[in-house]
Amino acid sequence: MTEQATGAPRPQPRARSGGQQSAPLEHLTGAQSLIRSLEEVGAETVFGIPGGAILPAYDPMMDSAKVRHVLVRHEQGAGHAATGYAQATGKVGVCMATSGPGATNLVTPIADAHMDSVPLVAITGQVASRAIGTDAFQEADICGITMPVTKHNFLVTDPADIPRTIAEAFHIASSGRPGPVLVDISKDALQARTTFSWPPTQDLPGYRPVTKPHAKQIREAAKLIAEARRPVLYVGGGVLKAHATAELKVLAELTGAPVVTTLMALGAFPDSHPQHVGMPGMHGAVAAVTALQKSDLIIALGARFDDRVTGKLDSFAPYAKVIHADIDPAEIGKNRMADVPIVGDAREVIADIVVAVQTDHAADGPADYSQWWALLNRWRETYPLGYDQPEDGSLSPQQVIQRIGQLAPQDTIFAAGVGQHQMWAAHFIDYEQPATWLNSGGLGTMGYAVPAALGAKAGAPDRTVWAIDGDGCFQMTNQELVTAALNNIPIKVAIINNGALGMVRQWQTLFYNQRYSNTVLHSGPGAEQAADAPPQGTRCPDFVKLAEAMGCVGIRCESPDDLDSVIEKANAINDRPVVIDFIVHEDAMVWPMVAAGTSNDEVMAARGVRPDFGDSDD
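Under my numbering, the final residue of the sequence shown carries the number 637; numbering is consecutive throughout.
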């Protein structure tokens, strides 16, 4: 399969193991050894901020012709930027911070990368080895803190260990189920003299990710597929991680089964393909939610039966047998028992299933799913995704996002924050290719969009990158627009500004009797009576002025009549970041919806509207 077919390159070559001829030894400092190691593993961009414990590494980085450093404004921004870089390029993202608060500010993006299986290496400085455990200035046990949210982490106190550790960190981060790895290096290890040679000998006893599936399990899977009458291909982010989108399309078209793609898998299968029935989950399409619920076979590929997809677990897909393929054996059977468990890389699993199904078809012909598709098509036609225009003539947030997607150049990358705008971006932008949709799916991190878009643009400078953000999310990490402006990273940011924490407000509307406790963002309590309150109609902050102050183009859009021209103007500006403040109606809601803790059978197509599925259980 070519890179063009998958939309993202394979991860860069990893360091070689022992037994090969090493280069002559060089005498360097530990810090120089660190930078040389990063060069050797193919790291091209590092997002970070210097500080006392990591400072020795920043001096030799200044002389590197291969490693570009992007100075962010907050370490959380560095971590999310590295994640966006990794998601857009398929390479390992790298971030760097100093000890103590610098390192702890990376915890959120590390946890985010862990939940979404993003290859990330976080390098942190640590106090001198003799001071570790003494509560020294800016000391924090970052290895202990991040142990639950990393694939592995290292504390390095001997400079001779730096090359091997960096090689192993990149290998662990990018192989098997990808994820974050932390490398914590004491300041004295960075300052001491050492010898450097490459490649180092890697020593990872017990780390042997299984990529090739068991042939017996493949045969059992093909047998279930042949017997099924209401199958569904349940596609998760692991298919994207395995660069298996071409194989997935072959399998889907070979079987004729419907395909649902999770929030983390958008772009793995073209939205426009007639077999794609949408995104499942709490805010998934009715047809996708119901397809899983009424299926008799779920073929789960690189998905983990997340609670947002299953709803109330004991009522999820009660008629279905399950084929569950995942590279991480810990995921299989964790939430839903698998009738056929398959451990392996999604690309190899799907390719082997294709061969097995082809063999079955040669003997017995393909299965007849015409009745199943009649049901699916009825649900799609009866309960399509849609939205109402506000009666007062104000901007619809769904329309804003839909038009951004329609007017964006081909191969645009979209990074979304978390909340209503995230769900609307998933629903109303079409994703035809992998590596075009970036979001924080598992951890649900507000503030993700702007730095992730920055990282994606740094890794893919020739592609347009839009950040779809809410006014709540935007105020958490908008300082990284300064980073984008000063480093010539011209991202485009759409602020879906409803003046509130929109998703929380929606829940307050539906479940808390419209008691809007602490969800209004543009004014404080009693602001209307305060003498120094902003004039009525003025929002605080003024995002246009804020954007201009940070070196960006700032634009405000309040009328549907101006929508297209404003978006086209933003698309035409490519010499600096652009921020558009879209003032949208505050009462718009995300539909469909499955309320938390309820069964997917209780999906609401709109407020108070429960679909009628007739006799589809028969």
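Each residue gets a CB set at the ideal place from its N, CA and C atoms; glycine is no exception. No experiment lies behind these values; they were computed from the predicted model shown.
Suppose the cutoff is 6 Å on Cβ atoms and the five residues either side in sequence are ignored; what does the same chain contact list for residue i look like?
i    : result
Q23  : Note that Q23 scores a pLDDT of 34, beneath 50, so its modelled location is shaky; the value from the coordinates is reported in the next line. For Q23, where only same-chain residues beyond five positions count, there are no Cβ hits under 6 Å.
A625 : W610
Q555 : Since pLDDT at Q555 reaches only 46, below the 50 mark, its modelled position is unreliable, and no value is offered.
H604 : P409 and S413
V419 : F601
Y2   : The structure shown does not extend to residue 2, since the chain spans only 20 to 637, so no value can be given for it.
L47  : F215
V677 : The structure shown does not extend to residue 677, since the chain is modelled only from 20 to 637, so the question has no answer here.
R323 : E350
P630 : V305, Y402 and A624
D449 : D290
M597 : Here the sequence assigns Val to residue 597, which means Met is not the residue at that position. Hits under 6 Å: K511, V572 and A589.
Quickly, what does DSSP pair residue i with across the bridge? List them, please.
i    : result
N593 : DSSP output for N593 lists no bridge partner at all.
G144 : I204
L582 : According to DSSP, L582 bridges with nothing at all.
F360 : Per the sequence presented here, residue 360 reads as Pro, with Phe not at that position. Its beta-bridge partners are H343.
P199 : L139
G573 : V598
Q212 : Note that residue 212 corresponds to Arg in the displayed sequence, not to Gln. R212 pairs with T48.
I318 : L252 and I342
W456 : F433
A370 : Answer is none; A370 lacks a bridge partner.
G297 : V279
V628 : A625
V603 : L414
Leaving out five residues on either side along the sequence, give the residues of the same chain with a beta carbon under 7 Å from the beta carbon of residue i.
i    : result
A479 : A107, T108 and I432
I372 : I237, A240, A241 and L270
R196 : S136, I346 and D347
F632 : T309
A105 : V111, G112, V137, P138 and L139
V374 : none
Y535 : R524 and Q527
R366 : A261, H262, A263 and E266
Among the options, whose alpha-carbon lies nearest the alpha-carbon of residue i?
i    : options                   : result
Q210 : H93, R558, Q145 and V278  : Q145
S83  : G70, E58 and P75          : E58
G357 : D364, E350 and V341       : In the sequence as presented, Gly is not what sits at residue 357; that position holds Ala. Closest by alpha carbon: V341.
Q452 : I68, A263, I351 and G303  : A263
I592 : F562, N507 and V622       : N507
T169 : D160, L273 and H133       : H133
R482 : A234, L90, D430 and Q525  : D430
G152 : G321, L74, I244 and S205  : S205
E94  : D387, D383, T117 and H88  : T117
I602 : D620, A589 and L582       : L582
V254 : M80, V539, L320 and Q533  : L320
W391 : K476, R248, A427 and L259 : R248
A76  : Q425, A208, H233 and I191 : A208
L125 : A150, V91 and A155        : V91
N354 : G363, I361 and H343       : H343
D407 : E400, T401 and P416       : P416
S618 : K313, F530 and H541       : K313
F447 : R422, V523 and A141       : R422
V585 : G286, A427, S56 and A615  : A427
V362 : P299, A336 and K231       : K231
A336 : I318, D606 and A349       : I318
T280 : L273, T274 and L259       : L259
R327 : H302, L311 and D333       : H302
D333 : D620, S56, D594 and L223  : D620
G518 : L500, D561, F530 and N497 : D561
Please look up how many angstroms separate the CB atoms of residue i and residue j, rounded, as I've assumed it's under 8 Å.
i    : j    : result
T127 : P178 : That pair is no contact at about 30 Å.
V613 : G330 : 5 Å
S193 : L44  : 27 Å between Cβ atoms; not a contact.
V202 : V229 : That pair is no contact at about 25 Å.
V296 : A307 : 5 Å
G474 : A101 : 6 Å
A504 : G570 : 3 Å
S52  : I191 : S52 to I191, Cβ: 19 Å. No contact.
Could you name the residues of the same chain whose beta carbon sits closer than 8 Å to that of residue i, not counting the 5 residues immediately before and after it, in chain order?
i    : result
A271 : L252, V278, F288, H292 and Q294
D488 : A435, G436, H440, A468, V469, V512, A513, I514 and I515
A245 : V376, D379, D383 and A386
M80  : I54, V65, V86 and H88
Is there a Cβ from chain B that is less than 9 Å from the Cβ of residue i?
i    : result
T214 : Going by chain labels, chain B is absent from the structure shown, which holds only one protein chain.
| Completely contained beta strand (DSSP E) runs for the region 402–446, where each covers 3 or more residues | 432–435
| request: Taking only runs that begin and end inside the region 222–287, name each unbroken alpha helix (DSSP H) of 4 or more residues, in chain order. | output: 234–246, 256–260 and 264–274
| said: Just to confirm the assignment: which complete beta strand (DSSP E) runs, minimum length 3, are found wholly within the region 43–113? | reply: 45–48, 64–67 and 87–90
| said: To test your reading of the DSSP string, which unbroken beta strand (DSSP E) runs of 3 or more residues are found completely within the region 475–518? | reply: 484–489 and 511–516
| Which runs of the alpha helix (DSSP H) fall wholly inside the region 147–193 and span at least 4 residues, in chain order? | 161–165 and 181–193
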